[in-house]
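Novice: My questions will all concern the structure given below.
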Amino acid sequence: MALILITGASDGLGRALAEDLAAGGRHRLLLHGRDARRLAQITGRYFDGEKESRASEEAYDPGYRRRLSELTQKLLANV
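Its first residue numbered 1, the sequence shown is counted upward by one per residue in UniProt numbering.
Here it is in structure tokens:
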């Protein structure tokens with residue numbers, strides 16, 4: 001099962017892609033977006049509590065890239 005990182009998942013094309021892939025149920029998704037409320041709507045609709053992982057941070061935060069990289073590596077280690 002592939003792990004797919006979708007940035008911009010809380011709105012627009014990113015959200016549409018996230019919802020389409022989540023509805024298919026064939027992929028593990030790592031969703032990133034700036035609006036935690038909208039991300040919660042997606043994860044609440046398509047994922048149970050065990051599968052839910054959310055990241056909502058501003059990309060200009062100095063530690064953002066490092067934390068996202070660490071989270072991705074952690075998830076990939078469990079594939």
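Note that the Cβ used here is the ideal one computed from N, Cα and C, for glycine as well.
These numbers come from a predicted model, not from an experiment.
Would DSSP call R28 helix, strand or coil?
Specialist: strand
Novice: Measure from the alpha carbon of H27 to the alpha carbon of each residue in R65, G63 and F47, then state which is nearest.
Specialist: Selected option, being the one with the closest Cα: F47.
Novice: Going by CA-CA distance only, name the one from T72, R67, R38 and R45 that's closest to A23.
Specialist: R45
Novice: Tell me the rounded alpha-carbon separation between G25 and L5.
Specialist: 15 Å
Novice: Going by C-alpha distance, which of G63, D20 and P62 is nearest I42?
Specialist: D20
Novice: In or out: S10 buried (at least 16 other Cβ within 10 Å) or exposed?
Specialist: buried
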